[in-house]
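Asker: Numbering (UniProt numbering), first residue to last: 1 to 303.
All C-beta atoms, glycine included, are put in the ideal place defined by N, C-alpha and C.
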């Protein structure tokens, strides 16, 4: 109750700035999001600290971190602003007029699936929206979502912290990419051949593809990884003309050179997985972000 009494002492404009500051945990990014100057947001933060009797954001190395008091304010503040917005301006977000930069994290696999259709849609419907795309391991993407460096991450996240919400985009399965001429006459890949041959592993900073290793462990087998790559783009060229095998998500192989390469099922069961969008729950009231994720979902459904 004391918390809400404090909030009543603050005008609505300051609440909007506080919400952006707690969401971004960065004065400059909050200013860009609100289309205000950095000094104006810094001044508002000083007023908020005085009114609420708490520093709200404190520096920890290169980042600002929310205090315990600020963390308590996040949920009621986001809920209050969402209610005000729905009452006063139900359709507040106008894509055609929006000026906004979103920070998305995804692998080059995710980028190949999401970005072509999304960018065409943005250029038609919301030309003032810019995208900053980053590439990181699964752990790195989640860290970015948690600390506010990333607005939304696209990837495979078997376990998500309670603070992170997600929506599935599609179910995916694994296949094997091999040189067409390296297969036996019947064109199949058996388990003995799979285990005897060297493999290419796609990984970013050691994240790898644990689903494949778990499946092999389940049948008490191991594979030999001859080459580890941090990105997908060079992998088909590495496979061509060799005995190497790449076990990878199927959607990433839509445009391979079928004259020299071929896709075959793995000779053992690897569970399918869900490819999702993940964002911090404090961004739940961000109508622009909801709109963007909706466009991403539409593009995947129609793919």
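Express the C-alpha separation of residue 215 and residue 312 in angstroms, rounding to a whole number.
Answerer: As displayed, the chain neither begins before 1 nor continues past 303, which places residue 312 out of reach and without an answer.
Asker: Fully enclosed by the region 28-66, which alpha helix (DSSP H) runs are 4 residues long or longer?
Answerer: Entirely contained in the region 28-66, the alpha helix (DSSP H) runs reaching 4 residues are, in chain order, 38-52.
Asker: Which residue marks the beginning of the alpha helix (DSSP H) containing residue 211, and which one marks its end?
Answerer: 210-218
Asker: Quick check on residue 225: buried or exposed, where buried means 16 or more other Cβ atoms within 10 Å of its Cβ?
Answerer: exposed
Asker: Alpha carbon to alpha carbon, how far is residue 113 from residue 220?
Answerer: Residue 113 and residue 220 have their alpha carbons spaced roughly 34 Å apart.
Asker: On the premise that residue 296 lies in contact with residue 118, defined as a C-beta separation below 8 Å, what is that separation, rounded to the nearest angstrom?
Answerer: 6 Å
Asker: Can you look up residue 156 in the DSSP assignment and give me helix, strand or coil?
Answerer: coil
Asker: Is it true that the CB of residue 161 sits closer than 9 Å to the CB of residue 146?
Answerer: Cβ atoms of residue 146 and residue 161: closer than 9 Å.
Asker: What does a CB cutoff of less than 6 Å around residue 33 pick up in its chain, not counting 5 residues either side in sequence?
Answerer: The residues are 20.
Asker: Between 150, 61, 184, which lies nearest to residue 385 when the distance is taken from Cα to Cα?
Answerer: Limits of the chain in this structure are 1 at one end and 303 at the other, which puts residue 385 out of reach.
Asker: Which value, in whole angstroms, describes the spacing of the CA atoms of residue 255 and residue 299?
Answerer: Roughly 18 Å separates the two Cα atoms.
Asker: Flag this pair as yes or no: are the beta carbons of residue 267 and residue 193 separated by less than 9 Å?
Answerer: yes
Asker: Going by DSSP in three states, residue 145 sits in which element: helix, strand or coil?
Answerer: If DSSP states are grouped into helix, strand and coil, residue 145 belongs with the helices.
Asker: Could you check the C-alpha separation between residue 182 and residue 244 for me, to the nearest Å?
Answerer: 9 Å
Asker: Among all the DSSP beta bridges, which residues are the ones paired with residue 103?
Answerer: 132
Asker: Would DSSP call residue 151 helix, strand or coil?
Answerer: coil
Asker: In whole angstroms, what is the alpha-carbon distance linking residue 234 and residue 103?
Answerer: Cα atoms of residue 234 and residue 103: separation of roughly 25 Å, rounded to the nearest angstrom.
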